[in-house]
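Here's the structure, in C-alpha cells; my notes come after.
Residue numbers (the numbering used here): -17 to 66.
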C-alpha cells in the first residue's frame, strides 16, 4: 500500500502527515508515508483542496485534517478485503 500526503508545507499539512505516520505505526504496518509538497503533482492528480491523502494512487481524502483515529479508519477502509 502506498500512502501519500499532499500538502503545501503548512502546519495543517504537516500535522496530517504526522497523524498518518502514527496511524500506520499503530496499525503495525511497515508502509512509509510520503509527504509531497509539489503543488503541480496535486494539480495533475485532480486534487482541489489541501491537505490531501492519496492511497494507492487514488485520492482518499482532501481538504481536512485527521486525528490519528480518523487516519486509522481511513487506512483500514482501503485495505484489501479478505474472503474466508
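Backbone N, C-alpha and C fix where the C-beta goes; we use that ideal spot for every residue, glycine too.
Suppose you measure from the CA of residue i to the CA of residue j; what does that come to, to the nearest Å?
| i | j | result |
| --- | --- | --- |
| residue -3 | residue 47 | 7 Å |
| residue 3 | residue 26 | 24 Å |
| residue 12 | residue 57 | 13 Å |
| residue -7 | residue 52 | 18 Å |
| residue -10 | residue -17 | 23 Å |
| residue 21 | residue 10 | 30 Å |
| residue 62 | residue 38 | 11 Å |
| residue 34 | residue 45 | 6 Å |
Give the C-beta separation of residue i and residue j to the nearest angstrom, bearing in mind that I take them to be a contact with Cβ-Cβ under 8 Å.
| i | j | result |
| --- | --- | --- |
| residue 32 | residue 42 | Not a contact, Cβ separation roughly 14 Å. |
Check the DSSP bridge columns for residue i and list the partner residues they point to.
| i | result |
| --- | --- |
| residue -15 | 15, 37 |
| residue 69 | A query on residue 69 cannot be resolved here, the shown segment of the chain reaching from -17 to 66 and no further. |
Determine the burial state of residue i: buried for a count of at least 16 other Cβ atoms within 10 Å of its Cβ, exposed for fewer.
| i | result |
| --- | --- |
| residue -12 | buried |
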